[in-house]
Amino acid sequence: MTGRPGPALSRRSLIGAGIGISAAGLTAVGSGPALAAGSSGTRPASAPARGYAFLAAAMDAYPDHGGVRLTQSYTDQAGLFSTAFTYDNALAILAHLAARTGGGLTRARALGDALLHAQLHDPAYDDGRLRQAYNVGPYTFYDGSPQPDGFVRPDGTVNVGTQFGFTGTAVGDMAWAGIALSALARRTGARRFLTGAVRIGEWIERTGRTDEPLGGYKFGVDGANQKLPFTSTEHNTDLICLFGRLARLTGDRVWLERRARAEAFVQRMWEPSGGFFYTGTNDGVTVNKSPIPEDTQTWTHLALGSRRSSRSLDWARAELAVLDHSGRTNSTVPAGQSYEGVTFSSASLLANEDAPIAAGQPKPDRNGVWFEGTAHLALALRERGARGDEARARRLLASTEQAQDLLGGGQTVGGRALPERSGVVSASSPLDTGFGFGYYPYRHTGATAWYLMAAARCNPLRA
Numbered sequence: 026m027t028g029r030p031g032p033a034l035s036r037r038s039l040i041g042a043g044i045g046i047s048a049a050g051l052t053a054v055g056s057g058p059a060l061a062a063g064s065s066g067t068r069p070a071s072a073p074a075r076g077y078a079f080l081a082a083a084m085d086a087y088p089d090h091g092g093v094r095l096t097q098s099y100t101d102q103a104g105l106f107s108t109a110f111t112y113d114n115a116l117a118i119l120a121h122l123a124a125r126t127g128g129g130l131t132r133a134r135a136l137g138d139a140l141l142h143a144q145l146h147d148p149a150y151d152d153g154r155l156r157q158a159y160n161v162g163p164y165t166f167y168d169g170s171p172q173p174d175g176f177v178r179p180d181g182t183v184n185v186g187t188q189f190g191f192t193g194t195a196v197g198d199m200a201w202a203g204i205a206l207s208a209l210a211r212r213t214g215a216r217r218f219l220t221g222a223v224r225i226g227e228w229i230e231r232t233g234r235t236d237e238p239l240g241g242y243k244f245g246v247d248g249a250n251q252k253l254p255f256t257s258t259e260h261n262t263d264l265i266c267l268f269g270r271l272a273r274l275t276g277d278r279v280w281l282e283r284r285a286r287a288e289a290f291v292q293r294m295w296e297p298s299g300g301f302f303y304t305g306t307n308d309g310v311t312v313n314k315s316p317i318p319e320d321t322q323t324w325t326h327l328a329l330g331s332r333r334s335s336r337s338l339d340w341a342r343a344e345l346a347v348l349d350h351s352g353r354t355n356s357t358v359p360a361g362q363s364y365e366g367v368t369f370s371s372a373s374l375l376a377n378e379d380a381p382i383a384a385g386q387p388k389p390d391r392n393g394v395w396f397e398g399t400a401h402l403a404l405a406l407r408e409r410g411a412r413g414d415e416a417r418a419r420r421l422l423a424s425t426e427q428a429q430d431l432l433g434g435g436q437t438v439g440g441r442a443l444p445e446r447s448g449v450v451s452a453s454s455p456l457d458t459g460f461g462f463g464y465y466p467y468r469h470t471g472a473t474a475w476y477l478m479a480a481a482r483c484n485p486l487r488a
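Everything in the sequence shown is counted per the working numbering, starting at 26 for the first residue and increasing by one.
Structure below.
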């Protein structure tokens, strides 16, 4: 993320550009009720089991369109049809691995192989890149044009998300895919996953490396393959993990130099007087000081584990804290319910509640809870382990579990009902991120995966 909306590229910069979103899914035909990965029985009861039921359902939503498949990111009600964001699928892989079950490993392998298929069968490029998103099932677009294919088209190429413009490649999305593939390589020993992760790392090095004054790795390319000028703290944080893992798995020390370059950029974004990290730079020269997002506070701690900068968690917990209930302006939370957590950025707390987030979208609730961020804050607090951190993390997870129980009911994937009370919505009420898009109360693969990793105390950014 940079401090201003750039060209449609990251999974975030397009979310809410006239459309709300979240994730869901459905079990494969004949497979029976959706269960936690590797579990048995007829109805999952625990909150994590229901989270895994959701991921399974979202992955199996289009059983008539081939076995090579990705997980749909948001429920149908979000209006993004069968879009599967690369970032969300990387998180789904990591969440399935966190389950530590045979069923979870099977699903993680299948998703990893789908990413490798996308890498090897892009309709235009053979350089190791992945696109921002893909289509995984048929639908009819708003203008009446049909999209009949699944993830793999009849000619063998992958179904790039052209109708929404999800055709660019962001360094952050690539890094997360590489992190997921490297995790599979470490767990399974399968060489193909490491090969795919290395190809991602090399694409990032070729495309993103910059010698601008602030250094680091730049944002990526747009759908026309034009390089973008922004450099993101979030993206370079992801690279600290990816490059560190590649160094360990390959034994090639060049990855340590690349990791150091990414870390140096992140460290330049630290504001010691305030105890937080800035979002990045728009030009490679000037630090962009507003808005300040949540994820640059939590992911930096998960990746670095630095005692010096661990105050960023306290900044996020205090400065981005929200409490959403039906009495709040523009809240969509049902009467009698309340949710606590964090919002997306400092700008979210100042959103204009009298104007829609985007054309055709609802007005924002300044107190809407961003559950994806709430989950990785909970995980980061657990990782830090300071006095009171575990209790704070449990409160955040309890709020997220209540959201899974009570928000987003009646939503579908591929036109089919979801398992009951499964999947975490991306936001408790419509919220404006301050970066040109919003989050909405639709069940979401990414939010669910982060919740599952936080519940399992599984840090995906530890190299």
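The beta-carbon is built from N, C-alpha and C at its ideal position, and this holds for glycine as well. In this text, all values refer to a predicted model and were calculated from it rather than measured experimentally.
Is the beta carbon of threonine 258 sitting closer than 8 Å to the one on threonine 304? Contact flag set, yes.
Across which residues does DSSP place tyrosine 465 in a beta bridge pair? As computed with DSSP, tyrosine 465 is found in no beta bridge at all.
For valine 367, the first and last residue of its enclosing beta strand (DSSP E): Start and end: 363-367.
Mapping the DSSP letters down to three states, classify glutamate 296 as helix, strand or coil. Here glutamate 296 sits in strand by DSSP.
From Tyr465, Asn484 and Thr321, residue whose alpha carbon lies closest to that of tryptophan 395: Looking from the CA of tryptophan 395, the closest CA among Tyr465, Asn484 and Thr321 belongs to Tyr465.
Given phenylalanine 166 as reference, the closest of Leu122, Leu145, Ala74 and Thr108 once Cα atoms are compared: Answer by Cα proximity: Thr108.
On the premise that tyrosine 164 lies in contact with glutamine 172, defined as a C-beta separation below 8 Å, what is that separation, rounded to the nearest angstrom? Indeed, because the Cβ distance is near 5 Å, the residues count as touching under 8 Å.
Pick helix, strand or coil for alanine 452, following the three-state DSSP scheme. Taken through DSSP and simplified to helix, strand or coil, alanine 452 comes out as strand.
With a 10 Å radius around its C-beta and 16 neighbouring C-beta atoms as the bar for buried, classify leucine 51 as buried or exposed. Any reading at leucine 51 needs caution, since the residue's pLDDT is 24, under 50, leaving its predicted position unreliable; the model's value is listed next. When all chains shown are included, leucine 51 counts as buried.
Alpha-carbon to alpha-carbon, valine 438 and aspartate 101: The straight-line gap from Cα to Cα measures roughly 5 Å.
My parser needs the beta strand (DSSP E) runs of 3 or more residues fully inside the region 144-181; what are they? Fully enclosed beta strand (DSSP E) runs of 3 or longer: 158-160.
Are glutamate 91 and valine 177 touching if we call contact CB-CB under 8 Å? Note that residue 91 is glycine in the sequence shown, not glutamate. Result yes, Cβ atoms of glycine 91 and valine 177 sit closer than 8 Å.
Determine the closest residue to alanine 135 out of Asp89, Arg125, Leu209 and Tyr112, with distance taken between C-alpha atoms. If you compare the alpha carbons of Asp89, Arg125, Leu209 and Tyr112 with that of alanine 135, the shortest gap goes to Leu209.
Taking the C-alpha atoms as reference points, what is the distance between glutamate 344 and aspartate 180? Rounded to the nearest whole angstrom, the CA to CA distance from glutamate 344 to aspartate 180 is 51 Å.
Excluding sequence positions up to five away, which residues of its chain have a Cβ less than 6 Å from the Cβ of arginine 407? For arginine 407, where only same-chain residues beyond five positions count, the Cβ hits under 6 Å are Ala418 and Arg482.
Can you have a look at leucine 131 and say buried or exposed, based on whether 16 or more other CB atoms are within 10 angstroms of its CB? The amino acid occupying residue 131 in the given sequence is threonine; leucine does not appear at that position. Label assigned to threonine 131: exposed.
Cα separation between proline 318 and histidine 142? Histidine 142 has its alpha-carbon roughly 33 Å from the corresponding atom of proline 318.
Where does glycine 127 fall in DSSP's three states? Correct three-state label for glycine 127: helix.
Just verifying my parser: in three-state terms, what is the DSSP assignment at alanine 551? Outside the shown range of the chain (26 to 488) lies residue 551, about which nothing can therefore be said.
As assigned by DSSP and simplified to three states, the class of tyrosine 87: In the displayed model, tyrosine 87 falls within coil according to three-state DSSP, outside both helix and strand.
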